[in-house]
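Structure record follows, encoded as structure tokens.
In the numbering used here, the protein residues as written are 579 to 1054.
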């Protein structure tokens, strides 16, 4: 039945202004991205100041609610209107193109080289950092001769050649709060453990083909998007009739809005990670004090305690905190070994692992998912659960649970991408389109149902994954 009047009124009070902001963004797009971004930064700065000014554990705990209180207004008033202003026109383009043979592929191409995408901006900033290291003979020599771990230790000690040290410090000042599994406040950031970052820089320094440089790839993506916009409009116009001409006229303004606003898809997570980075730094300082007092074994152990327990600690309450942390660390280690994660988990405990997509009848299709980057790739599977230290052979198809910026170096060699989770505008999908790599996401249990060395055909336009070679008759 219908929700209670009070609940319905609260929902309307939240969603109606939000929908109005999205509509206004679509109708009046000029300057909207810059204005909303400035306001979002102002909101972020306000809460950042509260966190950095808290010097005691009690003060940090009191400041933590501000982190969450700022995020919903920031999301609803500044970021979602921009994202909605791009995604609604993208939906329109998909509807306009659905009857054309290559319509869906053209729409996906329109999303290549999107401006305002913080992940793309970070990749380009990292590429610029690599170029500065390349221009520093001493720095380049050290990156060529040392391991990523040794480079990370030198970076933390400040003993890299000055020009390279300064270039990396400049990058970390903006992006040091990122890292592997960065949405978990308990995971180390690049500024704490930069080995993965050093590995990325080594990969970038190994690029010898100018066409494979990230800035060149991004520029080609933007050019391909412009060409796809023109091709889609022409195809609709050639379909004939008044209806086709009307559809064709809708394509350029819709595509402009997609390109102006859809890149903000990554911004909500970016703000979350920035806020978590500030909170983590503050709590680590308190964790160091608790470790010095003998209450914890390591500063990082503070993240295994709940807010109420931290409040008790700040108030001087006694307890066997080390034993409690050790118990939770053991449970955490057990969960880390879990290979199957439900795609949907209901409140009554029901867990759903499979997707709903299926291949066409009669095809020997092992898996299927959501197509997010057009093209067909054939090659050997390389299953990767942790990107640290992994290198792909050229053309191998990367199969992984999901990706974040720490995975970006693997895209330089990958011939295709399959992930267990993700959507059209998540990190792996965006980067795959930028590099022109066919990709399918949302493939349940891909990392267990496919295995390294297995040959497959991946269709990033239909979402179908077909087994090749002697194993093609096996259903997995």
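Glycine included, each C-beta is placed from N, C-alpha and C at the ideal position.
| task | Tell me, please, whether the segment 744-758 touches the segment 945-958 by the rule of three or more beta-carbon pairs shorter than 8 Å. | result | no
| said: Within a Cβ cutoff of 8 Å, which residues of the same chain sit near residue 748, ignoring the five residues on either side of it in sequence? | reply: For residue 748, same chain residues with a beta-carbon under 8 Å away, outside a window of 5 residues either side, are 707 in chain order.
| query | Do you know how far the Cα of residue 1034 is from the Cα of residue 1043? | reply | 7 Å
| Rounded C-alpha distance that separates residue 773 from residue 986 | 14 Å
| residue 835 CB to nearest heavy atom of the ligand ADP below 7 Å | With respect to the ligand ADP, the structure shown offers nothing to examine, as it has no ligands at all.
| said: Let me make sure I understand the geometry here. Which of 993, 984, 1001, 797 has the alpha-carbon closest to that of residue 765? | reply: Just measuring C-alpha positions, the residue of 993, 984, 1001, 797 sitting nearest residue 765 is 984.
| request: Give the DSSP bridge partners of residue 1036, in chain order. | output: 955, 1043
| said: If I measure Cβ to Cβ from residue 585 and keep anything under 6 Å in the same chain, skipping five residues before and after, which residues do I get? | reply: none
| message | Need the endpoints of the beta strand (DSSP E) that residue 996 sits in, please. | response | Counting along the chain, the beta strand (DSSP E) containing residue 996 begins and ends at 994-997.
| Cβ-based burial, residue 627 [other Cβ within 10 Å; buried from 16] | exposed
| query | Whose CA, out of 615, 808, 769, 1008, lies closest to the CA of residue 826? | reply | 808
| message | Considering just the uninterrupted stretch of the beta strand (DSSP E) at residue 750, what are its terminal residues? | response | No beta strand (DSSP E) contains residue 750, which is instead part of the alpha helix (DSSP H) from 740-753.
| request: Answer with buried or exposed for residue 612, where buried requires no fewer than 16 other C-beta atoms within 10 angstroms of its C-beta. | output: exposed
| Which residues DSSP lists as bridging residue 978, in chain order | Answer is 997.
| How would you call residue 587, buried or exposed, if buried means at least 16 neighbouring beta carbons within 10 angstroms? | exposed
| Paired residues, beta bridge with residue 1029 - DSSP | None; residue 1029 has no bridge partner.
| task | Sort 964, 659, 969, 648 by Cα distance to residue 980 and report the nearest one. | result | 964
| task | Give the range of the alpha helix (DSSP H) segment to which residue 1018 is assigned. | result | First-last for residue 1018: 1017-1019, but that is the beta strand (DSSP E), not the alpha helix (DSSP H).
| query | Of all the alpha helix (DSSP H) runs that stay within the bounds of the segment 610-649, which reach a length of 4 or more residues? | reply | 610-631
| field | Integer-rounded CB distance, given that residue 951 should sit under 8 Å from residue 1015 | value | 6 Å
| said: Give me, in chain order, the residues of the same chain whose beta-carbon lies closer than 6 Å to that of residue 1051; leave out the 5 immediate sequence neighbours on both sides. | reply: Legend: pLDDT at residue 1051 = 42, less than 50; position of this residue unreliable, value from coordinates given subsequently. Excluding sequence neighbours, residue 1051 sits near nothing in its chain.
| request: Determine the burial state of residue 885: buried for a count of at least 16 other Cβ atoms within 10 Å of its Cβ, exposed for fewer. | output: With fewer than 16 other CB atoms across the displayed protein chains lying within 10 angstroms of its CB, residue 885 is exposed.
| field | residue 783 beta carbon less than 8 Å from that of residue 712 | value | yes
| query | Taking just the CA atoms, how far does residue 645 sit from residue 910? | reply | Straight across, the Cα-Cα distance linking residue 910 with residue 645 is about 25 Å.
| request: Starting from the C-beta of residue 727, find all residues in its chain whose C-beta is less than 6 Å away, skip the five residues before and the five after it, and write them out in chain order. | output: 773
| query | Per DSSP, residue 960 is paired with what? | reply | 976
| Where the alpha helix (DSSP H) containing residue 889 begins and where it ends | Segment 885-892, the alpha helix (DSSP H) holding residue 889.
| query | What do you get for residue 593, buried or exposed, if any count of 16 or more other CB atoms within 10 angstroms of its CB means buried? | reply | exposed
| message | Assuming residue 1056 and residue 864 are in contact, meaning their beta carbons sit under 8 Å apart, how far apart are those beta carbons, in whole angstroms? | response | Residue 1056 is absent from the structure shown; the chain starts at 579 and stops at 1054.
| CB residue 1038 to CB residue 840, shorter than 8 Å? | Cβ atoms of residue 1038 and residue 840: not closer than 8 Å.
| field | Paired residues, beta bridge with residue 949 - DSSP | value | Note: residue 949 sits in a beta bridge opposite 1018.
| In chain order, what residues of the same chain lie with their CB nearer than 6 Å to the CB of residue 972, ignoring the 5 residues before and after it? | 991
| field | Residue from 583, 638, 615, 666 whose Cα sits closest to the Cα of residue 605 | value | Checking every option, the nearest Cα to that of residue 605 belongs to 666.
| query | Which whole-angstrom value describes the C-beta separation of residue 675 and residue 684, a residue pair presumed to lie in contact below a C-beta threshold of 8 Å? | reply | 6 Å
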